[in-house]
Amino acid sequence: MVFFPDIAEPVPFAGTAPSDETGGLAYRVYDPSRVVAGKTMAEQLRIAVCYWHSFNWPGADIFGHGTFDRPWLEPGVDPMDGAMAKQDAAFEFFAKLGTPYYCFHDVDMAPEGTDLREFRSNLDAMVDRAGEKMAETGVELLWGTANLFSHPRYAAGAATNPDPDVFTHAAAQVRQMLEATHRLGGHNYVLWGGREGYETLLNTRMTQEADQLARFLHLVADHKRSIGFDGTLLIEPKPQEPTKHQYDYDSATVHGFLERYDLLGEYFVNIEVNHATLSGHSFHHEVAYAVDNGIFGSVDANRGDPQNGWDTDQFPNSVDDLAPAVYEILRGGGFTTGGFNFDTKLRRQSIDRTDLFHGHVGGIDTLARALLVAEAMLDDGTLEAARDRRYAGWAGDKGAHIMDPATTLAGLADAAVEGGSDPKPVSGRQEWLENHVNAMTWSVS
Ligand code: XUL
Ligand code: CO
0 MVFFPDIAEP VPFAGTAPSD ETGGLAYRVY DPSRVVAGKT MAEQLRIAVC YWHSFNWPGA
60 DIFGHGTFDR PWLEPGVDPM DGAMAKQDAA FEFFAKLGTP YYCFHDVDMA PEGTDLREFR
120 SNLDAMVDRA GEKMAETGVE LLWGTANLFS HPRYAAGAAT NPDPDVFTHA AAQVRQMLEA
180 THRLGGHNYV LWGGREGYET LLNTRMTQEA DQLARFLHLV ADHKRSIGFD GTLLIEPKPQ
240 EPTKHQYDYD SATVHGFLER YDLLGEYFVN IEVNHATLSG HSFHHEVAYA VDNGIFGSVD
300 ANRGDPQNGW DTDQFPNSVD DLAPAVYEIL RGGGFTTGGF NFDTKLRRQS IDRTDLFHGH
360 VGGIDTLARA LLVAEAMLDD GTLEAARDRR YAGWAGDKGA HIMDPATTLA GLADAAVEGG
420 SDPKPVSGRQ EWLENHVNAM TWSVS
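FYI, numbering that gives the first Met the number 0 numbers position 412 of the sequence shown as 411, with every residue one higher than the one before it.
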């Protein structure tokens with residue numbers, strides 16, 4: 000069955016061509032083969048579509064029922080028939096959108112059945128079928144992940160649950176999904192700890208739970224090696240929602256956790272734009288922190304709503320917000336195994352099948368334009384030169400002397416007093432830099 004009959008061909012790149020030539024659906028900026036900063040746009044951006052919001056969510060919210068037409072999610076549909084119809088629609092969409100990757104959770108693709116054994120056999124069957132569709136379409140798996148947060152058994156956490164049997168159940172799910180990801184040639188494996196946190200400290204032992212989480216992550220990393228999976232393991236930080244507090248709060252918290260439990264080099268971060276803003280940071284901050292500290296892995300592209308305090312997962316639409324972060328990614332050498340996964344949801348009133356195309360096309364064009372701006376920022380070199388000037392003192396003898404372990408506080412103090420220390424403030428030139436970035440944003444084509 001064709002689920003998107005109105006879209007006959009893969010969405011074309013039309014540049015500034017009038018919209019009636021393409022029925023209104025065309026990439027304006029995303030030209031997959033255009034070379035930007037030494038690679039094609041497709042290679043730089045490594046765009047993925049997520050299975051869950053686009054195909055496994057009916058448009059329900061906590062106040063109301065699903066609004067989307069997703070026949071495979073209707074009550075009464077045989078679960079495996081539904082899973083196959085969903086998979087057919089998903090791969091039809093990937094191929095027509097013309098993007099190279101997708102991502103999924105175990106439960107997005109296969110019915111859970113009544114026990115782990117049945118879940119395992121359902122997932123195996125659906126993953127084999129996905130493998131065939133990937134071979135037909137050329138679409139690859141950016142990452143796989145296990146859903147360790149929806150089922151009631153995970154209400155008090157998966158790895159951090161007070162009940163060790165829940166930890167073991169989660170281990171069974173991750174083992175299978177890691178192996179499925181490996182079988183499909185996935186490039187990464189993600190762990191998002193949606194329930195790895197607490198609702199109240201009154202019943203919580205934080206250090207006990209942290210030890211459990213670290214044990215889980217070591218077990219997963221050991222298993223990755225034992226099966227020969229050479230993709231990257233990623234942790235996706237988020238400060239809260241669904242729990243009041245989540246342990247993987249932001250990039251810096253995850254970094255500290257990895258260091259504390261000897262997991263640096265085993266895990267990298269998958270930074271989500273809306274999670275960054277929920278943690279009180281900008282997306283730019285989260286990416287810059289991860290790149291500078293060697294833990295950057297991948298991105299979940301979306302945006303929040305500045306007036307709402309939750310994860311609205313909207314399609315990105317601000318070049319201004321994305322460009323500085325994409326600049327940091329390019330400055331760090333670009334993606335290796337990671338990419339931009341569209342962890343994005345349609346609004347509940349966007350009920351036409353083509354809305355899913357419009358959401359992705361607009362978001363992808365926004366990213367493509369952010370990439371062009373980032374390339375201009377890199378080529379222009381003004382920002383880096385300004386940073387070099389600002390820190391020039393540290394690159395010289397004075398900086399080396401301070402950093403020398405033989406230097407003491409008393410020695411520095413004596414030298415400051417004897418030398419008549421009187422350092423003069425210098426301008427940070429923030430407005431000038433902001434104007435410069437704006438000028439590049441407005442002039443790039
Ligand atoms: C939830 C979220 C998840 C992860 C994968 O906020 O972002 O969809 O990306 O579990
Ligand atoms: Co996400």
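Don't be surprised by glycine CBs; every beta carbon is placed ideally from N, CA and C.
| message | Under 6 Å: does the beta carbon of E240 sit that close to some heavy atom of the ligand ADP? | response | Absence of the ligand ADP from the depicted structure is noted, with the ligand XUL and the ligand CO being the only ligands included.
| request: Have a look at the DSSP bridge pairing and note the partners of D299. | output: Note: D299 is bridge-paired with E271, N340 in the DSSP secondary-structure output.
| message | Less than 7 Å between the beta carbons of I226 and H254, yes or no? | response | In this structure, I226 sits away from H254, with a CB-CB distance that is not shorter than 7 Å.
| said: Please return the same chain residues whose Cβ sits closer than 8 Å to the Cβ of T336, not counting the five positions on each side in sequence. | reply: Within the same chain, and ignoring the five residues on either side of T336 in sequence, the residues whose Cβ sits closer than 8 Å to its Cβ are H186, N187, G230, T231, G296, S297.
| Best match in G143, D164, T144 for proximity to Y153 [C-alpha to C-alpha] | For the options G143, D164, T144, the alpha carbon positioned closest to that of Y153 is the one of D164.
| Span of the beta strand (DSSP E) holding L140? | Annotation for L140: the continuous beta strand (DSSP E) segment containing it runs 139 to 144.
| message | Short of 8 Å in beta carbon distance, which residues of its chain neighbour K95, apart from the five on each side in sequence? Order them along the chain. | response | Annotation for K95: F3, I6, E8, P9, V10, F356 place their beta carbon closer than 8 Å to its own, counting only its chain and skipping 5 residues before and after.
| message | Taking 6 Å as the cut-off, is the beta-carbon of D342 closer than that to any non-hydrogen atom of the ligand XUL? | response | When distances are taken from the beta-carbon of D342 to the heavy atoms of the ligand XUL, the shortest one is below 6 Å.
| For G338, the nearest candidate out of R33, K85, M125, V286 (CA to CA) | For the residues R33, K85, M125, V286, the minimum Cα distance to G338 belongs to V286.
| message | Helix, strand or coil for V48? Go by DSSP, reduced to three states. | response | Judged by DSSP in its simplified three-state form, V48 adopts strand.
| task | Provide the residue span of the beta strand (DSSP E) that contains L232, from first to last. | result | Counting along the chain, the beta strand (DSSP E) containing L232 begins and ends at 231 to 234.
| field | Other residues of its chain near T440: CB distance less than 6 Å, five sequence neighbours each side excluded | value | Within the same chain, T440 has close Cβ partners V372.
| Just how far apart, CA to CA, sit Y288 and N340? | Approximately 20 Å between the Cα atoms of the pair.
| request: Would you give the residue range spanned by the beta strand (DSSP E) that H104 belongs to? | output: From DSSP, the beta strand (DSSP E) with H104 extends over 100 to 104.
| message | Please identify the residue among G361, K243, H284 whose C-alpha is closest to the C-alpha of L201. | response | That would be K243, whose Cα lies nearest to the Cα of L201.
| task | Confirm the yes/no value for this check: CB of A39, any heavy atom of the ligand XUL, distance under 6 Å. | result | Checking the sequence shown, residue 39 turns out to be Thr, not Ala. No - the ligand XUL has no heavy atom lying nearer than 6 Å to the Cβ of T39.
| said: For the ligand XUL, is there any heavy atom lying closer than 6 Å to the beta carbon of W142? | reply: Not so, every heavy atom of the ligand XUL lies at least 6 Å from the Cβ.
| message | Closest to N437 by C-alpha separation, out of K38, T381, T252, Y266, would be which residue? | response | For N437, the nearest C-alpha among the options comes from T381.
| said: Under 6 Å: does the beta carbon of V191 sit that close to some heavy atom of the ligand XUL? | reply: Note that residue 191 is Trp in the sequence shown, not Val. Checking the 6 Å criterion, the Cβ of W191 is within range of a heavy atom belonging to the ligand XUL.
| Is the CB-CB distance between G362 and P315 below 7 Å? | Yes, the pair counts as a contact, with Cβ atoms nearer than the cut-off.
| request: Check whether the Cβ of E91 sits closer than 6 Å to any heavy atom of the ligand CO, and report yes or no. | output: E91 Cβ: outside cutoff for every heavy atom of the ligand CO.
| request: Return the CA-CA distance between M402 and D421, expressed in angstroms with no decimal places. | output: When rounded, the distance between both Cα atoms is 21 Å.
| Nearest residue (CA-CA) to G37, options T407, G418, E430, A375 | Cα-wise, what sits closest to G37 is A375.
| Cβ shell of K132 (< 6 Å), same chain only, five flanking positions each side left out | Taken in chain order, the residues that qualify are F90.
| task | Can you tell me the Cβ-Cβ gap for Q245 and E198, rounded? I've got them flagged as a contact below 8 Å. | result | Going by Cβ atoms, the distance from Q245 to E198 rounds to 11 Å, so no, they are not a contact pair.
| request: Keeping to the same chain, check which residues put their C-beta closer than 8 Å to that of A220; ignore five residues upstream and five downstream. | output: These residues qualify, in order along the chain: L232, L262, E265, Y266.
| Residue ranges of each alpha helix (DSSP H) within the stretch 160 to 221, 4 or longer | Those alpha helix (DSSP H) runs which fall completely within the stretch 160 to 221 and span 4+ residues are 163 to 182.
| task | Out of Y29, N301, Q306, point me to the one whose CA is closest to D320's CA. | result | For D320, the nearest C-alpha among the options comes from N301.
| task | Could you tell me whether any non-hydrogen atom of the ligand CO is closer than 6 Å to the CB of D299? | result | Within the cutoff, so yes.
| query | Residues in its own chain within less than 6 Å of G58 by CB, not counting five upstream and five downstream? | reply | If we look at G58 and ignore the five residues flanking it on each side, its Cβ neighbours are G65, T66, F67, R347.
| task | Consult DSSP for T113 and reduce its assignment to one of helix, strand or coil. | result | The answer is coil: DSSP assigns T113 none of H, G, I, E or B.
| said: What does the Cβ neighbour count give for G192, buried or exposed, with the cut at 16 atoms within 10 Å? | reply: When all chains shown are included, G192 counts as buried.
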